[in-house]
Amino acid sequence: MPPFSANTEEELIALLKTRDRQAYSYLYDNYGGALYGIIMKILNKEEAAKDVLQEVFVKIWQHIESYDAGKGRLYTWMLNIARNAAIDVFRSAGFNKDKKISTLENSVYTDTSALSTAIRTDHMGLKKLVEGLKEEHRRIIELAYFNGYTQEEIAQALNMPLGTVKTRARAALAQLKSLMN
Amino acid sequence: MDVQQYISSGIIEAYVLGIASGEEVRELELLSAQHPEIAAAIEEQQRLMEDFASSYHLPPPEGLKESIWDKLEQEATGKAVPFPAAPAAQEQPVTTLPQAETKTRRLYTPLAAAVALLVISLVFNVMSWQRTRSSEHELAAIKSQQENILAGNRQLQQQMEQNRKHMAMMMDPAMKPVHLAGVGDHVTNNAMLMWDTRTKDVYLSLKDLPKPPAGKQYQLWAIVDGKPVDAGVYDMNTGEMMQKMKVIPAAQMFAITLEKEGGSPTPTLTEMYVAGKV
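Which chain is which? The protein sequence lines are Z and R, in order.
All residue numbers for the first sequence refer to our numbering, where the first residue is 1362 and numbers rise by one.
All residue numbers for the second sequence refer to our numbering, where the first residue is 48 and numbers rise by one.
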């Protein structure tokens, strides 16, 4: 992921708003893989993930005007679009009917191993990263970020008081940060 | 408020993980605009999540970029968003779409949309017009119903007023009732007469007599000292129960005969229907 300086990101956004072809091409070349990776992490199904990535680019195209730089960088904005679109598909009726996985909860446990085979050589570090997390930290990140659970649903799934979900989230990201560095 | 305490509450982590509630998000965005420390803390956590997400990076399947490009191209033409011509666009595989196809799509999609809108608009107009027309009809029907009811009401009020007068007349001790009994072939008929002893006005009711043939009218006679005096003709068409006849200062008898319309100077005795003594 090439880092954008504030200037070039501003320029990129301005070009995206004019529906500049090269800007979208650049977006795909530089962010397509990360967005696709997140979608695959959530859906773990190539055909569905391709459709979702297409949907994500259409949404970016349609809603780039409403992107607010004050609320976060473009990448964060796009990641959230991709996550939400993939979670919506995951939850849609019919998505899981041809999979053996019967509940959302199950997929949280199964897809780490499923993904580790899908992510091939250049992502060997990933497995280590997730494995390095304490179990309780890994689960809250996965339920929140990849499964779209609410605080209430997380409290219920992890059998903890609602008031401690945010504290746990903070501890989880603190550990994640120490692992990433 | 204690900014440090707010930052360390876990709200920012919840926000970047996508689990902050709508209310929490609004509060956070508001506070972030007011406190640069909060804004900085949010950005730090967003970068962490960006890096975390990047670690899942996976090369998208071959050909996906091209199909996404087709989709965006459709978006551009379908929504009539002008697709700016990129000077270096030639190098992009994406721009190898045949020009003619693009133009046709550009032309047909808005045209189809316009036709669809026109049809929708026409259908809507016809529906509204029909609805307006039926409303107008209903309104007219209601208006005429209301008029009928009002007319009926007025008629009832008039009748009530008449009844009240008649009742008052009957109850008035100064009114002298005279019963006229049927005579000859008309024994089954009766008539009622009220004679005001103060004003000498005569009121007659002929409800019980048969309807006179065309060109004929009932005429009341007062018999004064053995001679018939014209007391007026009775109008069967007024609908009034008691009709005011002529003033009769004195009489020993009253009688009714059927005469030609407008009355006769002298009674046709063979056509006498009812008579009664005062």
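Using N, Cα and C, we set each Cβ at its ideal position, and we do this for glycine too.
- Per DSSP, A297(R) is not a residue of any beta strand (DSSP E), being assigned neither H nor E.
- Interface criterion not met: the Cβ of G69(R) is under 8 angstroms from no Cβ in chain Z.
- Within the segment 214–283 of chain R, no run of alpha helix (DSSP H) reaches 4 residues while sitting entirely inside it.
- Put simply, of G1433(Z), G1509(Z), A1530(Z) and D1429(Z) the residue whose alpha carbon is nearest the alpha carbon of E1496(Z) is A1530(Z).
- Distance check between D272(R) and each of I295(R), L256(R) and V280(R) places I295(R) closest, using alpha-carbon atoms only.
- Taking C-beta atoms as the reference points, I1502(Z) and A1533(Z) count as a pair closer than 8 angstroms.
- A straight-line Cα-Cα distance of about 25 angstroms links P108(R) and A1454(Z).
- Within chain Z, no residue has its beta carbon less than 8 angstroms from that of P83(R); the closest one is some 12 angstroms off.
- Nearest in C-alpha terms to K1527(Z), of all of L1540(Z), T1379(Z), E1513(Z) and K1402(Z), is E1513(Z).
- Of the residues Q1415(Z), E1370(Z), Y1428(Z) and I1399(Z), the one whose Cα lies closest to the Cα of E113(R) is Q1415(Z).
- In the structure shown, the three-state DSSP call for M288(R) is coil.
- Contact between the segment 72–92 of chain R and the segment 1370–1386 of chain Z is absent, with fewer than three C-beta pairs closer than 8 angstroms.
- For K307(R), the three-state secondary structure derived from DSSP is strand.
- As a beta-bridge residue in DSSP terms, M319(R) pairs with T304(R).
- Taking the beta carbon of Q52(R) as reference, no residue of chain Z falls within 7 angstroms; the closest one sits roughly 12 angstroms away.
- Secondary structure at K1432(Z): helix, using DSSP grouped into helix, strand and coil.
- Closer than 8 angstroms to the CB of S101(R) there is at least one CB belonging to chain Z.
- About 14 angstroms separates the CB atoms of K307(R) and M283(R); that is not less than 8 angstroms, and the two are not in contact.
- Y1436(Z) and M48(R) have their C-alpha atoms roughly 31 angstroms apart.
- Taking C-beta atoms as the reference points, L227(R) and G323(R) count as a pair closer than 8 angstroms.
- In this structure, the beta-carbon distance from I54(R) to E84(R) falls below 8 angstroms.
- By the Cβ rule, the segment 1440–1456 of chain Z counts as touching the segment 1506–1525 of chain Z, because three or more pairs are nearer than 8 angstroms.
- At a cut-off of 8 angstroms between beta carbons, R1499(Z) makes no contact with chain R.
- Judged by their CB atoms, L240(R) and L256(R) are not nearer to each other than the 8 angstroms cut-off.
- DSSP places I1403(Z) in the uninterrupted alpha helix (DSSP H) bounded by R1382 to L1404.
- Secondary structure of K1411(Z) (DSSP, three-state): helix.
- Taking a beta-carbon distance threshold of 8 angstroms, T1511(Z) counts as an interface residue toward chain R.
- Judged by DSSP in its simplified three-state form, K212(R) adopts helix.
- DSSP places K1527(Z) within a helical segment (H, G or I) once states are collapsed to three.
- Around the CB of P224(R), fewer than 16 other CB atoms lie within 10 Å, so the residue is classed as exposed.
- At least one CB atom of chain Z sits nearer than 8 angstroms to the CB of P107(R).
- Taking a Cβ-Cβ cut-off of 7 angstroms, the neighbours of K1411(Z) in chain R comprise P108 and L111, given in sequence order.
- Under the 8 angstroms criterion on CB atoms, H104(R) is classed as interfacial with respect to chain Z.
- For the segment 147–196 of chain R, not one full-length alpha helix (DSSP H) segment reaches 4 residues or more.
- Neighbourhood of Q193(R) in chain Z, by CB distance below 9 angstroms: empty, with the nearest CB roughly 56 angstroms away.
- T304(R) and R211(R) have their C-alpha atoms roughly 29 angstroms apart.
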